[in-house]
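Have a look at the structure below, then the notes.
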Amino acid sequence: MSLNIQQQVEKVNGKELSYVQFVQNYLVQNQPVILTGLMDDWKACKDWVHQDGKPNLKFISTHFGKSQVQVADCGIQEFTDQKRMEMSVSEFIMKWVESKDTNGSLESNDKPLLYLKDWHFVKEYPEYCAYKTPVFFCDDWLNMYLDRYRMHMDPDSYQENNEISCSDYRFVYMGAKGTWTPLHADVFRSYSWSANVCGKKQWFFLPPSKHHLVFDRNMKNSIYNIFEGVDDTKFPCFREAIWWECTQEENEIIFVPSGWYHQVHNLEDTISINHNWFNAYNVSWVWDLLLKDYKEARYLIEDIKDICDDFEGLCQRNLAANSGMNFHDILAFMVRITLANLFLLHHLVQLEENPLCWSSGVLGDTVFNLQSIQRVALKMKSVGASTNIRILIDLNNLMEDYSFLQLFATLKETYGAIHGVFDVICEEKVLCSHIKELLNEFSCSFVGSEDLDLLVDFVFRTVGFVSGENMLLEN
Ligand SMILES: O=C(O)CCC(=O)C(=O)O
């Protein structure tokens with residue numbers, strides 16, 4: 001059955017787009033876009049690609065061949081995804097080269113179509129500097145946080161050697177012509193961006209408001225492959241779906257908005273780099289999805305509730321296993337991000353008092369961040385979720401937490417870079433002792449979900465604002 005495609009994704013020259021325009025037109029509207037002109041000086045585009053535009057597999061195998069990676073067999077479905085296996089990069093490349101027939105094509109032979117996915121390349125090779133994240137995608141709380149903390153730490157299953165596999169959401173993908181990714185919406189309802197170092201991808205998108213059209217009657221399972229075997233009786237509304245489509249060429253970056261279902265096909269041998277991320281613009285959807293997943297996790301084991309010693313604990317463990325985080329994890333995340341913004345706010349206020357006065361754009365972002373966290377905090381409180389979960393963040397000791405100070409430093413640098421203000425000197429010791437004094441006034445030292453909202457209010461009050469409302473900001 002052919003798809004009803006009525007919309008093309010817009011293509012925009014990234015060099016002529018301002019950060020504010022990107023935010024207004026794509027982040028806020030939650031619309032996809034292809035950006036050109038942003039990969040000119042990427043090392044990956046030189047080292048990993050031959051002059052004729054084909055992937056330089058020899059270079060990759062020689063320099064990074066030992067890495068262990070996840071490889072999907074595009075011909076075999078396993079549950080809701082493709083069957084995955086683990087192998088070294090050099091093994092993957094060997095199989096790729098071997099499986100090409102004399103025409104250099106994979107299509108006419110019966111070898112499996114293997115697709116290397118989710119390679120945590122930056123984490124493994126930070127010194128190599130394969131690329132620079134474009135400014136549009138820098139406001140990335142997820143990876144900023146994961147560079148300092150783990151999202152979920154299950155004492156039962158924690159393994160040091162698993163460090164890389166759940167360490168960040170910055171990936172490299174590599175696959176021959178014909179490899180593909182089944183229909184899905186991204187993890188956590190995050191945004192993603194995906195850059196073609198070489199090759200070509202075709203994308204098919206469905207907006208979040210229409211996602212019910214690709215689900216079964218019970219809204220439990222979504223379609224795996226929109227081009228094959230969609231059963232009308234199982235997915236009765238699929239024919240009504242109107243799709244967005246685009247072809248992404250080499251050196252182009254696509255922005256995938258939050259919650260959009262998409263299926264992706266490599267039209268040529270392709271290497272791409274992609275990140276998942278979230279920030280103040282979509283964090284409330286992250287919470288909404290987690291709450292939905294939590295209700296499902298509870299429902300699935302409802303029948304053992306009465307015989308279970310710690311039913312809530314089991315629900316939260318299952319939630320973390322299936323969704324990548326649980327209520328405790330999101331709360332710890334939100335508290336640390338709130339406090340990093342508190343630091344930034346006070347840093348800005350100090351600077352406002354001296355002639356070096358920093359950008360009001362940064363101030364605007366900080367206030368917006370805190371307001372959006374507060375909205376999520378109120379949602380958490382209103383459903384009574386995690387009220388019995390107390391996370392151990394001792395505010396008074398935070399200043400000695402090196403990871404936290406690094407998180408703050410990254411947040412400061414990020415908004416500095418976004419708004420083009422780099423030369424900011426921060427008297428960290430002065431700032432720390434100032435904030436330590438302030439936090440002593442906050443009535444509790446351990447923060448739970450019901451306190452997060454109070455904490456944000458407290459943060460605003462420390463600089464004389466009421467929920468950030470009486471701020472006169474330019475952006
Ligand atoms: O490139 C692919 O095969 C899939 C990428 C994707 O789904 C994403 O970046 O969200």
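Using UniProt numbering, read the sequence shown as starting at 1 and increasing by one per residue. We put the beta carbon where it would ideally sit given N, CA and C, even for glycine.
- The beta carbons of V197 and A44 sit about 5 Å from each other, so the pair counts as a contact at 8 Å.
- Distances from the alpha-carbon of Q77 to those of S192, L183, R217 and D232 put L183 closest.
- In the DSSP assignment, E98 falls within the alpha helix (DSSP H) that extends over V89 to S99.
- From the listed residues Y115, H120 and E427, the smallest Cα separation to K177 is found for Y115.
- Partner residues in the beta bridge of L114, as assigned by DSSP, are D73.
- Between W277 and S190, the C-beta gap is smaller than 8 Å, which places the two residues in contact.
- Beta-bridge pairing by DSSP links A332 to no other residue.
- Restricting attention to Q374, L452, F408 and Y299, the CA atom closest to the CA of Y145 is found in F408.
- Separation of the CB atoms of V135 and S192 is rounded to 17 Å, and the pair is thereby denied contact status at 8 Å.
- According to the DSSP assignment, W141 belongs to the alpha helix (DSSP H) that extends over W141 to L146.
- Shortest Cα-Cα distance from D451 to any of L331, N341, K429 and F368 involves L331.
- Taking the C-beta atoms as reference points, H211 is found nearer than 8 Å to Y261.
- DSSP places W193 in no alpha helix (DSSP H) but in the uninterrupted beta strand (DSSP E) bounded by Y191 to C198.
- With respect to the 8 Å criterion, P55 and D269 are classified as neighbours on the basis of their beta carbons.
- Per DSSP, the unbroken alpha helix (DSSP H) holding G313 starts and ends at F311 to S323.
- For M380, the uninterrupted alpha helix (DSSP H) run begins and ends at S360 to S382, by DSSP.
- Here E441 is exposed, its C-beta having fewer than 16 other C-beta atoms within 10 Å.
- In the DSSP assignment, V456 falls within the unbroken alpha helix (DSSP H) covering S449 to T462.
- Contact holds between the segment 453-463 and the segment 340-347, because three or more Cβ pairs, one in each stretch, are under 8 Å apart.
- Proximity of the segment 397-406 to the segment 117-125 falls short of the contact definition, fewer than three beta-carbon pairs being nearer than 8 Å.
- CA-CA distance, T133 to Y415, rounds to 14 Å.
- When DSSP states are grouped into helix, strand and coil, S222 belongs to the strand group.
- Under the criterion of beta carbons closer than 8 Å, S323 and L290 qualify as touching, at roughly 6 Å.
- Between the segment 223-241 and the segment 15-24 there are fewer than three inter-stretch CB-CB distances shorter than 8 Å, so the stretches are not counted as touching.
- Judged by DSSP in its simplified three-state form, D288 adopts helix.
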